[in-house]
Amino acid sequence: MSEKPVRVRFAPSPTGPLHMGGVRTALYNYLFAKKHNGTFVIRIEDTDQTRFVPGAQDYIMDALSWCGIMPTEGPGLGGDFGPYVQSERKEMYRPYAEQLVENGSAYYAFDSAEDLTEMREQAKQMGMPNWQYNSVTRGSMKNSVSLSSDDVKQRIENGDPYVVRMKMPRNVDIRFEDEIRGWVVVNTNNLDDKVLFKSDGMPTYHLANIVDDHTMEISHVIRGEEWLPSAPLHVMLYDAFGWECPKLAHLPLLLKPDGNGKLSKRDGDRLGFPVFPTNWKSSEGEIFSGYRENGYFPEAFINMLAFLGWNPGTTQELFSLEELVSAFSLERVSKAGAKFDPDKTKWFQQQYLRSTDDAILAEKLAKELDGNYDLSTLTHVCRLMKERATFVKDIWTEGAFLLERPTTYDEKTVNKRWKEATTPLLKEWREELAGLEDFSAANVEVAFKSFIEARELGVGAVLSPFRLLITGQAAGPSMFDISEFLGKEESLERIDLGLSTIQALKAQA
Ligand code: GLU
947 MSEKPVRVRF APSPTGPLHM GGVRTALYNY LFAKKHNGTF VIRIEDTDQT RFVPGAQDYI
1007 MDALSWCGIM PTEGPGLGGD FGPYVQSERK EMYRPYAEQL VENGSAYYAF DSAEDLTEMR
1067 EQAKQMGMPN WQYNSVTRGS MKNSVSLSSD DVKQRIENGD PYVVRMKMPR NVDIRFEDEI
1127 RGWVVVNTNN LDDKVLFKSD GMPTYHLANI VDDHTMEISH VIRGEEWLPS APLHVMLYDA
1187 FGWECPKLAH LPLLLKPDGN GKLSKRDGDR LGFPVFPTNW KSSEGEIFSG YRENGYFPEA
1247 FINMLAFLGW NPGTTQELFS LEELVSAFSL ERVSKAGAKF DPDKTKWFQQ QYLRSTDDAI
1307 LAEKLAKELD GNYDLSTLTH VCRLMKERAT FVKDIWTEGA FLLERPTTYD EKTVNKRWKE
1367 ATTPLLKEWR EELAGLEDFS AANVEVAFKS FIEARELGVG AVLSPFRLLI TGQAAGPSMF
1427 DISEFLGKEE SLERIDLGLS TIQALKAQA
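Note that my numbering gives residue 1319 to position 373 of the sequence shown, counting from 1, and the numbers run on in steps of one.
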């Protein structure tokens, strides 16, 4: 028998922005689909209308597109299994709920919200704080198991509101093999009679999820660990319909940097790193910051995310998306929660920045700058600065001196390291530079070496005051590269300006 084609889905609920844990789920689905020449579907699970947040669906699509992991089937993308938004599929679920009632796997329940609260209260008073609607209690509730069929018929004809509940059998072991966790066994005595279909005519998550995964021919369900407790019910539902259950894989949780608990959406602002792929503005106007707006490259973000719960089994850490596709497997996804590491995240960004072509960096930098700098100059700036930067903006904050003369001079160097002899020495060095025909970095370096050797000076005695005069700073990229970049005329003018400013400062002191 030939294997079924791989079809996986990412099924977010549009209840807000996509947390980075959600992006990781989407990423693993994407990688798995590509690896197996399968299809990656996105389905919007919006059956809980009370939690619907306007703008969330667009946010999700935009975020996936920024990450470069767009599904190929879904709302606005086309595909043969649509619609891909559950509220647009509303009409198709009721017959499935009815089918389960007819085959005895589910039943109608007429209990009002007040009835349920009353039951819970009574149970609490009797010392049972966790009352559940289940095989033990259902007989004393108002439902098609406990009531006569005439009564049930009458209530339905009267238009009494009802829900459909799963008729969870008593004391049955449900077993399934999770692709990541291995065998999972849960006894039905620990499960309640979940609502499958609500009185408002909408299915609950459980029913809609199963019906959609089946009708969309999903082969593998890859989702977060928080859905593991729902899996036994889902397995039972597939059984009740007589359908084959897709393979299940529950991904480990993303943990806070200290390993204490799940990474939550509030952690980012509290601990100073983004937890969302892109900025999100809540309806109250609160901004949650995103990786995109913080200057991360999507490739770095994705590479970092891939490692939160998976590893390739080698020491390689930098992977392009294509490399991730070929290296990825569910077998190498761990069961244990993955600790998020903000420093490592920056490290990934730094690596990607360094490996980006100078001209491409220059284009990104130009977008961040107001001024009119030509691209070839900016390309040179990027070449000089990128080893010292993590984000594109750092190239500018650290390297603005390349295009703008210093207006201040590092105080500590001026006070502590500028000696009596420094001024005449730097004047001599200036004359040396003025005499150079070839102002290339290599040639300035040769001149510098013979200058200090002739005077039996250490490197720092000339290099740090030289840097101070030219850049105003105490540290930075190679002074020979900087000299070449600025050219002779500008270098000499900066030395003159620096010398007169520092002399004036010293005179005041
Ligand atoms: N709608 C669920 C969520 O918001 C999807 C769970 C699943 O993938 O089955 O994450």
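Ideal Cβ placement from N, Cα and C applies to all residues, glycine included.
By the 10 Å Cβ neighbour count, where 16 or more other Cβ atoms means buried, how is residue i classified, buried or exposed?
i            : result
residue 1102 : exposed
residue 1220 : buried
residue 1401 : exposed
residue 962  : buried
residue 1291 : buried
residue 947  : Here residue 947 scores only 46 on pLDDT, less than 50, and its place in the model is too uncertain to base an answer on.
residue 973  : buried
residue 1057 : buried
residue 1073 : exposed
residue 891  : Missing from the structure shown is residue 891; the chain here goes from 947 to 1455 and no further.
residue 1367 : exposed
residue 1003 : buried
residue 1405 : exposed
residue 1338 : buried
residue 1306 : exposed
residue 1278 : exposed
residue 1455 : exposed
residue 1158 : buried
residue 1360 : buried
residue 1080 : buried
residue 1354 : exposed
residue 1332 : buried
residue 921  : Outside the displayed range of the chain (947 to 1455) lies residue 921, so it cannot be described from this structure.
residue 1245 : buried
residue 1345 : buried
residue 1430 : buried
When you compare each of the options to residue i by their alpha carbons, which one comes out closest?
i            : options                   : result
residue 955  : 976, 1299, 1241 and 967   : 976
residue 1282 : 1200, 1227, 1272 and 1010 : 1200
residue 1007 : 1165, 1153 and 1022       : 1022
residue 994  : 1154, 1337 and 1079       : 1154
residue 1351 : 1192, 1417 and 1407       : 1417
residue 1319 : 1293, 1342, 1150 and 1062 : 1342
residue 1364 : 1399, 1444, 1317 and 1439 : 1444
residue 1114 : 1037, 997, 1128 and 1133  : 1133
residue 1223 : 951, 965, 949 and 1379    : 965
residue 1123 : 1135, 1161 and 1193       : 1193
residue 1162 : 1129, 1288 and 1028       : 1028
residue 1109 : 1344, 1096 and 1087       : 1087
residue 1372 : 1353, 1391 and 1397       : 1397
residue 1453 : 1369, 1374, 1432 and 1376 : 1369
residue 1148 : 1107, 1085 and 1171       : 1107
residue 1000 : 1250, 960 and 1204        : 960
residue 1276 : 1156, 1262, 1287 and 1128 : 1128
residue 1009 : 1226, 1246 and 1375       : 1226
residue 1481 : 1240, 1245 and 1215       : Within the shown structure, residues of the chain are numbered from 947 to 1455, placing residue 1481 beyond reach of any answer.
residue 1005 : 1236, 1137 and 1100       : 1236
residue 1160 : 1374, 1308 and 950        : 950
residue 1118 : 1104, 1156 and 1179       : 1179
Is residue i near residue j, with beta carbons less than 7 Å apart?
i            : j            : result
residue 1052 : residue 1112 : yes
residue 1296 : residue 1356 : no
residue 1034 : residue 1025 : no
residue 990  : residue 1017 : no
residue 1299 : residue 1327 : no
residue 1126 : residue 1195 : yes
residue 1382 : residue 1393 : yes
residue 1329 : residue 1303 : no
residue 1491 : residue 1441 : This structure does not reach residue 1491, given that the chain is present from 947 up to 1455, and the question cannot be answered.
residue 1238 : residue 1012 : yes
residue 1082 : residue 1090 : no
residue 958  : residue 967  : no
residue 1254 : residue 970  : yes
residue 1274 : residue 1070 : no
residue 1286 : residue 1203 : yes
residue 1171 : residue 1198 : yes
residue 1181 : residue 1120 : yes
Below 6 Å, is the gap between the Cβ of residue i and the nearest heavy atom of the ligand ADP?
i            : result
residue 1361 : Questions concerning the ligand ADP fall outside what the structure shown contains, since the ligands it does hold are the ligand GLU.
Under 7 Å, Cβ to Cβ, is there at least one residue of chain C near residue i?
i            : result
residue 1425 : The chain inventory of the structure shown lacks chain C, comprising one protein chain alone.
| Should the segment 1137 to 1157 be regarded as contacting the segment 1037 to 1055, the criterion being three or more beta carbon pairs within less than 8 Å? | yes
| said: Below 8 Å, how does it come out for the segment 1421 to 1431 and the segment 1386 to 1394: are there three or more Cβ pairs, yes or no? | reply: yes
| message | Pairs of beta-carbons, one from the segment 1173 to 1187 and one from the segment 1057 to 1069, closer than 8 Å: are there three or more? | response | no
| query | Three or more C-beta pairs closer than 8 Å, one from the segment 1158 to 1170 and one from the segment 1207 to 1217: is that the case here? | reply | no
| message | Does the contact criterion of 3 or more C-beta pairs under 8 Å hold for the segment 1266 to 1273 versus the segment 1244 to 1258? | response | yes
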